[in-house]
Structure formats: structure tokens, C-alpha cells
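Sequence order for the protein chains is A and B. For the first sequence, this note's numbering gives the first residue as 1, with consecutive numbering after it. For the second sequence, this note's numbering gives the first residue as 1, with consecutive numbering after it. We put the beta carbon where it would ideally sit given N, CA and C, even for glycine. Since we're looking at a predicted model, the values are computed, not measured. Presented below is the structure to which this report refers.
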Amino acid sequence: MRFLIIFCSVVLTCYLGVGIFNVIVDPYQQYEFVTVKNFNENKPTVSNHVRLYKADMVTRIKPQTIIIGNSRCDTGLSPNYLGWENKPVYNMSLPSATIYEIRRYVEHAHSVRPLKHIVLCLEDIMFASKKYNPGFSEDNLNLNVNGGKNWGAWLHRLSYMFSFGGTMDSIKTIRQQDEITAYSELGQRKYDWWLKKTNSWGGVHNLFNKVERSKMKGLLDAFKKDPDFLTRNSDQVGFEHYRSLLKTAYRDNIKLTIVITPSHARLEEIRRTFSPAIKSINAIVKDIIKINEQISSSMSKDAFIIYDFSGYNDFTTEKVPEKLSEDLMNWYWEVAHFKAELGDVILDRIFSKKTDVTSSDFGMKLTSENIQKHFSNKINARLKYQEEFAGDILELKQLVPAYFEEAIKQKYNTQ
Amino acid sequence: MLFNSYIFIFLFLPITVIVFYLLGKYARLNAAIIWLFVASMFFYGWWNPIYLWLIVVSIVFNYVLGLFLYKLRENVNKHLAKMMLIIGVIANLSLLGYYKYANFFVENTNEYLGTDIQLAPIILPIAISFFTFQQIAYLVDAYRGETEEYNFIHYCLFVTFFPQLIAGPIVHHKEMLPQFFASKKIDLKVENIIVGLAIFSIGLFKKVVIADNIALYATPAFAAADQGVALSFIEAWGASLSYTFQLYFDFSGYADMAIGAARMFGIKLPLNFNSPYKANSIIDFWRRWHMTLSRFLRDYVYIPLGGNRNGKYRKHLNMLATMFLGGLWHGAGWTFVCWGILHGLYLVINNIWRTFVPLDPKNIYNIIVMRVVTFVAIVVGWVLFRAETIDGAMSILSGMAGLNGLIIPEKYLGPLAPYAQNIGIETTKLIYFSGFGQILFLVALFVIVWFAPNTQEIMSEYSSSTSNDSASEKKQLKINFRPTTVWAFIISILFVAGLLSLNSVSEFLYFQF
């Protein structure tokens, strides 16, 4: 019996001790029982557990409106924008989100409190073959994949407090109090976080280059893993989750606004290095429109509006500061992430507010009728951009490895 | 339900144990046995209740048929009994064949014969490979007159007893059923709880702390190889060794948890692992790895095929056929088939080699060479076992053979980097090898699997399984468990470490087989 008494005592003491310590430090901002300056006020490890953090936070904010997409929306679209109609608004965007993750997080938020408005930010890469990212766990969400209640979700989210990973992050939280929490209370990535990142990379131009290189590598890796990753059509993976999401919104009378987000024109140029694959990028946009129109028609509802903010316009072609310049840009942090200032212009457009900064086709409402013309306009705009920013084009060319271009050529020439 | 889940550790297991002993004390023995059966069905149904009918039908069918064969044992008409046995075996294999191999068969038929047969994807019911084999053995023994007239509820529990249901050990009716009616009363023995807890804790630690963490090195590399990435020499060896340890600690960790959980009810399961990487030959390896599967294949496939009774050529052919089936049992895929055939060939070569060069157990150098050669052969086999595609496996094997080049990052070479480049060594980054962290982890695991005693040996004073064939290695560290204060601390720390690693739940590798 002595053995059992010691065993139980040690297990209870150690296990509960670890749990209580982690709940007090609260590295993922789940409980907020104790907040002490220079001890646990800042939560630097939240950045590595965004999927857990936002799944948990949404159960406390109980939003009626959510913004959901990838890190572009998580940075650019503000829940504090004054024009929101149904508050509270929560930015539930996830870095590198896939369409499956988006669908599951919408279902999760909708189960917490019926949603009235969703701003859904889409990008073609979300429809690629990867179903979800590391850090995604079905167990953290209130509904299971079959739509049933996941009763143990809160317990699972608590379980991180009883883990080695949670403990290491608690220690990191205490030791790295000079680092700020990446997110605001309402889920938007903070201005200060970006400013610190920009400075640490030696200015905007360097940060542009860093992200451009990593995007190039990402595309190359994705291409290596699955050369068809951009040539999928609506019958393939990803679109079933988009369909499911649309059906939920139409069925439950949720206003859904679909936004194709604006990367900087330099990123468009990198992506269009895949010149033969451009057709498939456009095909994905066409599918997004087609599926929306099909479902709205089958459910006898007005189709949700799809806005395209991508392409070549006054905002996306904003000049990048020189290498050693300390200047910030008006609209962009770096090539993939636009600033909240541009986010407000986007929201103005969605809520039809007048804005003093306009660009003729920024936020074009896409339908199956106008899409082809819209693509043609983009081609013209691109040519104009390439003429006007020849120096940028030359700089980007140097980022593209020769073997990459060769691989693309081989892939598409052999087909 | 997974053994390494909160629901199992904090709710299912304690409640099942407590109610079992309460019923054993205050109700009849059968009530406790029925409770254990009901709990086992709940455990199985937790995964997918739809498939409960499958296991129930399988149990009823095999029990009735077994009873029939038992009654026929003294009947002069052996022909009828044989027919009944054949029907029984075919029915069991058909069930397994449909759920496990139908998709594989259709895919290959379509590919190689150009047909267009459409079959909706079939979900493989968990544990089907295990309970099918257990019951085929039961039918064969009933036909041979080696069974008794077992009580139905005892038989149900023999098949479904939750510790062994999902991934073995593949138990035999002769070692399980007598335990259910060995005594008329169920007494709570503290020793059973202590020994069970200790074995379970060691198993949990092996699974969630060791196997799941070494998997972080193996998984991305194998995934990359399957997608066509050519792994360099160090990356390929890093991946294959990591997987070699992952599989052992995962599966033997599971077996320990099964043996530990069963022991809490006073029931002993057969040993499934006996330090397999200490094997000095492939023959020895198969006596130590997944021992209950080897036993089944020997008794119900190899020997009925003729075993070694019809000359050496036929013996070798029987070995190949048995290992081919053993490979296929693990999964419907060509990589498993190749793995099985490879081990069949290993066994044939090992047998031929033994006739010419007998192993000298006293010669330490001989032992070291044989152990290393055996280990490398096993690692090569695991590459086929783990890879999703034959191309992926070949890519890793090419890397291990040095055909994809050698990369040693410049930071490790320092001033030698230019010389290395001159002799064709690349000095760029190793993408699928994590450097000194991985090396240290692998070295530590080498030390454990080659020099440390296994769970059975640590628990040797408490007869932790039904097997007696885990003769302790002579020249190795001796560690014996005793219910002392120090051991209570050690076991509780292992258990806590396991608990703290639970929230990244992963399935046991052998669930898929």
C-alpha cells in the first residue's frame, strides 16, 4: 500500500502543480486569472499557438461577426472598424489557413453564438492539397466533423496546461516579457508587432526581400510535392469545404462577404513566374464564383458578393522604399501583408463608404459575366506595371532560381 | 479509445477496475466477467459503434462453430468436421479480405487489367486482423480436439478483452480462458495493481515520450521521400534509424500498456517483445519481435504447410510463403508484401548460413558482428514497411547506400569544408536531419535497446506475462523492480512524464494493421 500511496501522492502533486503553474502563467491567454507586469502580462508564445488561442478566445468574445482568412486578413482587417453592423467582431484568421480549417473554425464560431456576418478572405493557395496545418486540432473545436457537439473541447483546450509544451511556453513567457503579445483582444495582429519585425529586418525593403524569398521557396516546395497543386478544379479537394461553408451561410441567413485579398504587385509577379499556371489560378477564381452562384440559385437566395482587391492598382503597386530607407509604406508591411489602413479602405468598399483614396477597379464585384473581362483588364494593368517598375521586375528576376523556371517549363511543356 | 488518452487513463480504466472488483466481491464471479465484457465492448464501440455488430457476429459465429467442432471431435465422420472447419476459416478470411484487401485488389485489377471496377472506399474496422486470427486459431484447435466446452461469456471476453483487443498480443484460448475460471472468487490483490501500474507506466512513457518524439525526425523524411525527394546519406540513415526506434517503442510500449492494464484485473497476457534488437540473427529476431504473431504464423501457417518435414527446399518455400502472408497481414500494400518477402528471404539465407557457419555464443566478436548485421537487415526491412510507396522506399534505400550523395553542413566541417567539397561531399544544409539533437537521441535509444533490460526483465520477479521465454541476457545491466519507495518515485515520474505528453495524441502504429 505504501507504494500506491507514494505513487498517487507524487502523481497528484507533480501533475496538479504543473497545471496550476501553467494556468497562472497562462501562456496562451486562455484564462487570465492573474496578470502581473513583467511576469506574465505579455504572451509571446501565443504566436505559435494561434489555432488554440483563437479557438479559445472566440468562446469568450462570442462574436456576431467574424473575419476569417489567412495571415493577410489577420493583419489587415480590423475588428475595431467603425462601420461594422453586428458587433462584437472577432478576427479569427489563421496564418496559412486552408479552406478546411476555415470551414471548421466558422462552424466552431457559429456554435458559440449564431453568426450574422462573415468576411471570408480567400486565396487560391487555400484550395491546395494540404488539409490543415500543424497546430490544428479537431479536439479544440466545439463541433466535431459530423456536426455533433464535441463535449470535451474545453477540456482539451485545458489539457495544454497539463503538458510539457505548455510548461516550456510558460517558462518562455516569464523569460521573454520584453516581447509583446502578437494579437489584440479581438484577434488582429498588432501594429507594434509589425513595427518591431520591420525594424529587426532592417527596414521595409529587406523585409520585402525576405518574404519574397520565402514565398518563392514555398511555391517551389509546394510544386515539388505536388506539381498539380495549382491546377485543381472544383471537383477536387478544398472546394467541398467551400461548398459546405456557403451552404451553412445560405441556410442560416448569415451575410457572407467574400474578399480576394490584395498582395503587393511584386508578389503577383513572383506568382506569375508560373506563367503557364496562371490559367489555373484564374480557374480557381472562376470556380469560387461559379460555386457561389450555383448554390445561391439552388437555395433561391441572392448570391453573396465576391470582391476582388488583388491585381495591379494604385494600392498594390505602391513603391517600395529603397534598401537603406527607414520609411514605412502607406499600405503594406511587406509583400504579402497589407496594413490596417488598406484594410479600412477594403471595409469602406464592402460597406459602400466613400473614401478619399480610390482606385478604379479596386474591389471589383465579380460575377461569371464580368470575370473574363476582369482578367483581361488585369493583363493590361500588369503590362503597365512592368513598364513603370522595370527596376523592381529586374530585382525579382534575380530571386527566381533558374532551376525553378526550368522545372515549371518542363512540367507544362510535357503536358 | 486509445490507451494514451485522458478518457482511458482517468475514467475508463479506473472505473472498470473498481467496478470489476466490487462486483467480484459483492456479486457473483460471472457478474464481474460480464462487466469486463461490457466494458470491452464500450471500449471497442468508442472508436466507431457501427462496427460493434461485426465483432458480435464474428464471436457468435465462431463460438457456435467451435462448439459444433468440439462435439464432432469423437465423431467417426471426420469429413464433416473438416468441411465445417474449412467453411469457418473461409468465412473469417472473407470478412478480413473484404474489409482489408478489397480496395487493394480492385485498385490493382483496374491498374493491371485495365478494368474499371468501382468500389466505394471501405473503412477498415479496427482490430479485425487480431480478432480474426485469434478465432481462426480457436476453430483449428476445436477441430483438433484441443479446446474445451467453454462458457459463452468467457469466450466473448477472450475475444474482446480490451487490453489485447485492438493491437494484440494475439492471445490464445488456452492461455486466456482458463484464467477466467481459475478461481471461484475475485480477490483484489494489491500486488496486481502495483505491478500493473508499473508496467502500464513504463509502456506509456515508451509510447508518448520516446516513440512520439523520435517520430518527429522520421515522419517528415519519409513523407519527403514518398513525394520524390532524394534523401542524402545522413538524412536517409537518420530517417530509417528514427523509424526503427519509433516502431519498437511504439509497439512495445503498447504491449506493455496492454499487459499492465490486464494485470490490474489479475489477468496475464503473453509477452509480445523480448528485446528484438538484441537479436543475433533474423531467426532470433522473429522469436523476439511480435512474438504472438510469430507463434500464430508458425502454428497455423508454417507447420500446416509442412514446416520442415518435407526437405529443405520445401522448408524454405514454406518460410517464404509464411512471411509473404505475414507481410500481407500487416496491410494491403505492395510495400508490406515486399517487406514480408524480404524477411522470408532473410530467414532462408539465415537457415542456409547456419548450416555452414554455426553461431558461437562464446565468441563476443562473432556476436557483435552478427548483431550489427542483423540490425542493419532489420532497418532495411523497416524502410519498406514504413514507406507509403515502393518509389519512396527505394529512394531512402538509395540514400542509405550513398547513391544520393553525402551532405555534411559546413558548420560541422569547419576548415575541412573545402577538402570535403573536393572529394564530392556537399556542404549545404541537411533539411531532413536535425543535427546533434537527433544524434544524441538515437545514441541514447541504441544504448537502451542494446544494453538495458526490457520491461519483462525488470518485472521478472512478478511474472508479468504468461510467457516464460524471456531469459535475461547474461551480460547486461540488471534492474529488478520491487515495490519500494524509490521504485514508487521512479514509476510515478515515468507516469507523470507520460501524462504531460498526452495532449499531442497520436495513434499507435499497429492500429492500422
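Any C-beta of chain B sitting closer than 8 Å to the C-beta of residue i?
i: Ile180/A; result: no
i: Tyr132/A; result: no
i: Val11/A; result: yes
i: Cys14/A; result: yes
i: Val430/A; result: This structure cannot speak to residue 430/A, because chain A is shown only from 1 to 415.
i: Ser159/A; result: yes
i: Ser78/A; result: no
i: Ile61/A; result: no
i: Ile68/A; result: no
i: Asp184/A; result: One detail in the question is off: residue 184/A reads as Ser in this sequence, not Asp. Not an interface residue.
i: Ser214/A; result: no
i: Leu4/A; result: yes
i: Ser352/A; result: no
i: Met57/A; result: no
i: Ser96/A; result: no
i: Leu396/A; result: no
i: Phe164/A; result: yes
i: Phe239/A; result: no
i: Phe7/A; result: yes
i: Met168/A; result: no
i: Met329/A; result: no
i: Met1/A; result: yes
i: Asp235/A; result: Annotation note: pLDDT 48 at Asp235/A (below 50); position unreliable, coordinate value reported separately. No, Asp235/A lies away from the interface with chain B (no Cβ there is under 8 Å from its Cβ).
From the DSSP output, which residues share a beta bridge with residue i?
i: Cys121/A; result: Val259/A
i: Met364/A; result: Asp308/A
i: Val89/A; result: Thr65/A
i: Lys149/A; result: Leu143/A
i: Ile407/B; result: Glu426/B
i: Arg189/A; result: Tyr183/A
Does any residue of chain A have a CB that is nearer than 8 Å to the CB of residue i?
i: Val190/B; result: yes
i: Phe489/B; result: yes
i: Tyr6/B; result: yes
i: Thr485/B; result: yes
i: Leu317/B; result: no
Measuring from the CB of residue i, is there a heavy atom of the ligand ZN at a distance below 7 Å?
i: Trp47/B; result: Among the components modelled here there is no ligand, and therefore nothing to report on the ligand ZN.
Next on the checklist: Against chain A, which members of the region 492-504 of chain B pass a CB distance test of less than 9 Å?
Outcome noted: Ser492, Ile493, Phe495, Val496, Ala497, Leu499, Leu500, Ser501, Leu502, Asn503, Ser504
Next on the checklist: If the cut-off is 8 Å on Cβ atoms, which residues from the region 192-210 of chain B count as contacting chain E, listed in chain order?
Outcome noted: In the structure shown, chain E cannot be found, because the protein chains are A and B.
Next on the checklist: Can you confirm whether the region 265-278 of chain B touches the region 445-460 of chain B when touching is taken to mean that 3 or more C-beta pairs between the two stretches lie within less than 8 Å?
Outcome noted: yes
Item to check | Inside the region 69-119 of chain B only - beta strand (DSSP E) runs reaching at least 3 residues | outcome: none
Item to check | Secondary structure, alpha helix (DSSP H): runs of 4+ residues fully inside the region 412-453 of chain B | outcome: 417-422, 436-451
Next on the checklist: Any contact between the region 75-88 of chain A and the region 26-37 of chain A? By contact I mean 3 or more CB pairs, one from each, below 8 Å.
Outcome noted: no
Next on the checklist: Measuring CB atoms only, is the region 101-119 of chain A touching the region 199-206 of chain A, in the sense that at least three cross pairs come out at less than 8 Å?
Outcome noted: no
Item to check | Stretch pair the region 490-503 of chain B + the region 196-205 of chain B: three plus CB contacts closer than 8 Å | outcome: yes
Next on the checklist: Ignoring anything shorter than 4 residues, give me the alpha helix (DSSP H) runs that lie fully in the region 205-259 of chain B, in order along the chain.
Outcome noted: 212-226
Next on the checklist: Going residue by residue through the region 5-32 of chain B, where are the continuous alpha helix (DSSP H) segments of at least 4 residues, counting only ones entirely within it?
Outcome noted: 13-26
Checklist entry - Contact between the region 368-378 of chain B and the region 188-203 of chain B: three or more CB pairs below 8 Å? => result no
Checklist entry - Using 8 Å as the Cβ pair cut-off and three pairs as the minimum, do the region 225-236 of chain B and the region 384-400 of chain B touch? => result yes
Next on the checklist: Below 8 Å, how does it come out for the region 283-292 of chain B and the region 176-185 of chain B: are there three or more Cβ pairs, yes or no?
Outcome noted: no
Checklist entry - Does the region 336-355 of chain A come within contact of the region 392-401 of chain A, defined as at least 3 CB pairs closer than 8 Å? => result no
Checklist entry - Would the region 408-424 of chain B and the region 295-313 of chain B be scored as touching if the rule is three or more Cβ pairs under 8 Å? => result no
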